[in-house]
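Everything on this sheet refers to the single structure shown next.
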Amino acid sequence: MNCAVYFRIGLFMVFCFVAAFPAVSNSGAADDMQAQEAVLAGLVNEQRAAQKLQSLSVHPALSSAAYRHAAAMAGGDFLDHAGTSGDTVKERIEQFGYPWKAYGEIIGREHLCSPKEMIALWLRSPHHARIMLSADYREFGIAGVRQPGIYGSCYWTVVFGSQTVSQKGAR
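For reference, each letter of the sequence shown is one residue, going 724 to 894 in the numbering used here.
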């Protein structure tokens, strides 16, 4: 056989190999992380209930601030409360219009992308557990961002808050 025949056979084999695998979409990864965030929210409230604390409701401004920070940490491969531009949690929640009376933040990175593992890590840290289980908070926002690739870590941010009474509308 000549080279052209080998080339065509090789090209056909590559085509068959590629066609055998479906296209990969990032939307599934995003959906999976949203599901994991919901699990983490439930686990945080479970821990709070065990301490006879009020469960927290999700607030969109806190969720946006949490996502911005988790995405920055995952993209920059760092773990810190200061953002890439040096912004603080206070600045992030104010940028999203949250009228805070009290706020707190816990962050973490783990390789299993498991909300149960992240909760366990936070509970082993007295500082993180104290923030998570504070009676000062009424709302929270949770975000998890997975780094690309099969070995990518998950970066988690939970932002806790309570609004000023005048902003919530006193009765």
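Glycine residues also receive a C-beta, built at the ideal position from the N, C-alpha and C atoms.
Bear in mind that the values here come from a model prediction, so they are computed numbers and not experimental data.
Residues near Arg-832 in its chain [Cβ-Cβ closer than 6 Å; skip 5 each side]: Cβ neighbours of Arg-832 beyond the five flanking positions: Leu-802, Ser-876 and Tyr-878.
DSSP three-state label for Tyr-826, please. strand
Gln-759, buried or exposed, once every other Cβ within 10 Å from all chains shown has been counted against 16: buried
On the three-state DSSP scale, how would you describe Tyr-878? strand
Between Gln-777 and Arg-853, what straight-line distance do the alpha-carbon atoms span, to the nearest angstrom? Rounded to whole angstroms, Gln-777 and Arg-853 show a C-alpha spacing of 15 Å.
Same chain, Cβ closer than 6 Å to Asn-749, five either side skipped, listed in chain order: Reliability fails at Asn-749, whose pLDDT of 40 lies under 50, so the model's placement of it is uncertain and the value that follows must be treated cautiously. Here the set comprises nothing.
Between the alpha carbons of Pro-745 and Ser-780, how many angstroms are there, rounded? Any reading at Pro-745 needs caution, since the residue's pLDDT is 34, under 50, leaving its predicted position unreliable; the model's value is listed next. One alpha carbon belongs to Pro-745, the other to Ser-780, and they sit about 38 Å apart.
Residues bridged to Gln-886 [DSSP beta-bridge criterion]: Trp-823
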